[in-house]
Amino acid sequence: MKDSYGLSAFTDADKTLHNDDFLAMRRMKHQRNKPSPRSQLVNGDAESVLAETGEIPVRAPQPAQQPVRQRRSMSIFGHGIGAPSLARQVVDPLNAEWDGLPLMTGGLRGQVLSDLPLVSLHRDSAVAKSFDLLRTRLMQTLKANGWNRIAIASPTPGCGATFTAVNLALSLSRVPASRTVLMDLNQRAPGVAKALDIGTSGPMHQFLSGEVAMEDHLIRATETLALGLNGAPSEDAAEILHDPATGDLLGDMIASLRPDVVLYDMPAVLAHDDLAAFLPHVDGVLLVSDGEQTTAKHLAECERILEGQTQLLGVILNRARASSIERYDA
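Residue numbers (the numbering used here): 1153 to 1482.
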């Protein structure tokens, strides 16, 4: 057997700024001790002063143009290329929340102890190419529909949903000027931290309940990838996802971080009601099937649960038989 991946078809009046013309008044044979018409213009009616003096209004010279303060070219990388030092000190409020998340020292390059293969470490592998294709098709579908919240789940446990979520997130994070958030909402058997071989900042339920602030729970693995990890299972996993406050909190997170894609790693669809409870808060679902254990009946049952609730974006086939996969290697 050899792991492979496939994806089924995927089922946004020129207004000129002008101040009132300044009226400069000149009066011939003007007495020095008489108040200047200019001073009358400051506190009085300009037309009445003109009527009394009979003078001709002259447009005052426009003030010298102020130098435009150069702003840095902002991206999710948090800096501009070639921007002056003064501009680097300017904090863009649109990026403040994202940049405020703690950034892992060294990123994910050194994480090689995981048993699961990571596409970021095997860029030329067939698996990495499959995830890159999945990434591109998914991004096109999301952009076309204005979506960004995707749940990743499998019909039954052990089909590779976490493996798929992690590697898809890594592939998405390589897109320049993008933001991806991966949230481990499998509160029954959390596995994202283990797959990436990194520590966690505590249980996910503490963040979802509002006990822990976003900046104290989420971390940035790279400049383009943020992680919401889970350090321990929760006995009330489904109840937490049923709570309307959970949806509100995640909505606030998305509004603050402004990600292009949010991936939610979820428990198995047929084993628990976690995903069913969470469907109002996602735009679509990627279903991960296993070539050795997933049946047509499993997939049909999952489709029935999703029908009328959200979109089934595709079915990913994991651990497919090599003979059933068409290859296009150059």
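All C-beta atoms, glycine included, are put in the ideal place defined by N, C-alpha and C.
Tell me where the beta strand (DSSP E) around residue i begins and ends.
i: serine 1441; result: 1436-1442
i: glycine 1466; result: 1463-1470
i: isoleucine 1457; result: Where isoleucine 1457 is concerned, there is no enclosing beta strand (DSSP E), although the alpha helix (DSSP H) it sits in stretches over 1448-1458.
i: threonine 1257; result: From DSSP, threonine 1257 is part of no beta strand (DSSP E); its letter is neither H nor E.
i: alanine 1420; result: Taken as a continuous stretch (DSSP letters only), alanine 1420 belongs to no beta strand (DSSP E), as it is neither H nor E.
i: alanine 1305; result: 1301-1305
Using alpha carbons as the reference points, say which of the options lies closest to residue i.
i: proline 1342; options: Glu1363, Val1333, Pro1355, Thr1332; result: Pro1355
i: alanine 1248; options: Met1366, Asp1388, Leu1360, Gln1358; result: Met1366
i: glutamine 1445; options: Asn1300, Pro1432, Cys1311, Arg1301; result: Cys1311
i: valine 1271; options: Leu1322, Leu1285, Lys1295, Arg1301; result: Leu1322
i: aspartate 1388; options: Asn1319, Phe1283, Ala1429, Leu1246; result: Ala1429
i: proline 1385; options: Val1414, Leu1253, Asp1336; result: Asp1336
i: aspartate 1412; options: Ala1397, Lys1295, Gly1460; result: Lys1295
i: glycine 1298; options: Glu1455, Val1414, Leu1469; result: Val1414
i: cysteine 1454; options: Leu1427, Gly1252, Gln1339, Asn1470; result: Leu1427
i: leucine 1458; options: Leu1469, Arg1471, Thr1447, Leu1431; result: Leu1431
i: threonine 1257; options: Glu1391, Gly1351, Thr1447, Asp1417; result: Gly1351
Classify residue i as helix, strand or coil using the three-state DSSP reduction.
i: valine 1279; result: helix
i: aspartate 1412; result: coil
i: leucine 1334; result: strand
i: histidine 1182; result: Reliability fails at histidine 1182, whose pLDDT of 44 lies under 50, so the model's placement of it is uncertain and no value is given.
i: threonine 1374; result: strand
i: glycine 1380; result: strand
i: alanine 1329; result: coil
i: threonine 1314; result: helix
i: arginine 1287; result: helix
i: leucine 1320; result: helix
i: aspartate 1368; result: helix
i: alanine 1341; result: coil
i: glycine 1298; result: coil
i: leucine 1270; result: coil
i: glutamate 1249; result: helix
Just to confirm my understanding: we take residue i, look at its own chain, exclude 5 residues before and 5 after, and list those with CB closer than 6 Å. What are they?
i: glutamine 1463; result: Gly1436
i: leucine 1379; result: Leu1334, Ile1371, Ala1373
i: glycine 1399; result: His1433
i: alanine 1420; result: Ser1306, Thr1308, Pro1309
i: leucine 1324; result: Arg1287, Thr1332, Val1413
First and last residue of the alpha helix (DSSP H) that includes residue i?
i: isoleucine 1392; result: 1389-1394
i: leucine 1427; result: 1426-1430
i: histidine 1357; result: 1356-1360
i: valine 1344; result: 1344-1348
Apart from the five residues just before and just after residue i, which ones in its own chain have a Cβ nearer than 7 Å to its Cβ?
i: alanine 1423; result: Thr1308, Pro1309
i: valine 1467; result: Ser1160, Leu1439, Ser1441, Leu1451
i: valine 1364; result: Gly1354, Gln1358
Less than 8 Å between C-beta atoms, sequence neighbours within five positions excluded: which residues of the same chain meet that for residue i?
i: proline 1219; result: Because the pLDDT of proline 1219 is 41, which lies under 50, any placement of that residue in the model is unreliable, and the number read from its coordinates should be weighed accordingly. Nothing listed; no residue qualifies.
i: arginine 1184; result: Below a pLDDT of 50, predicted positions are generally treated as unreliable, and arginine 1184, at 45, falls in that range; no measurement from the model is reported.
i: leucine 1465; result: Phe1162, Thr1163, Leu1290, Thr1293, Ile1302, Gly1436, Val1437, Leu1438
Exercise. Is it true that the region 1297-1308 meets the region 1434-1446, where meeting means three or more beta-carbon pairs spaced less than 8 Å apart?
Worked result: Contact between the region 1297-1308 and the region 1434-1446 is present, because at least three Cβ pairs lie under 8 Å.
| Touch test, the region 1386-1404 against the region 1278-1294, Cβ-Cβ under 8 Å, three pairs minimum | These segments do not touch.
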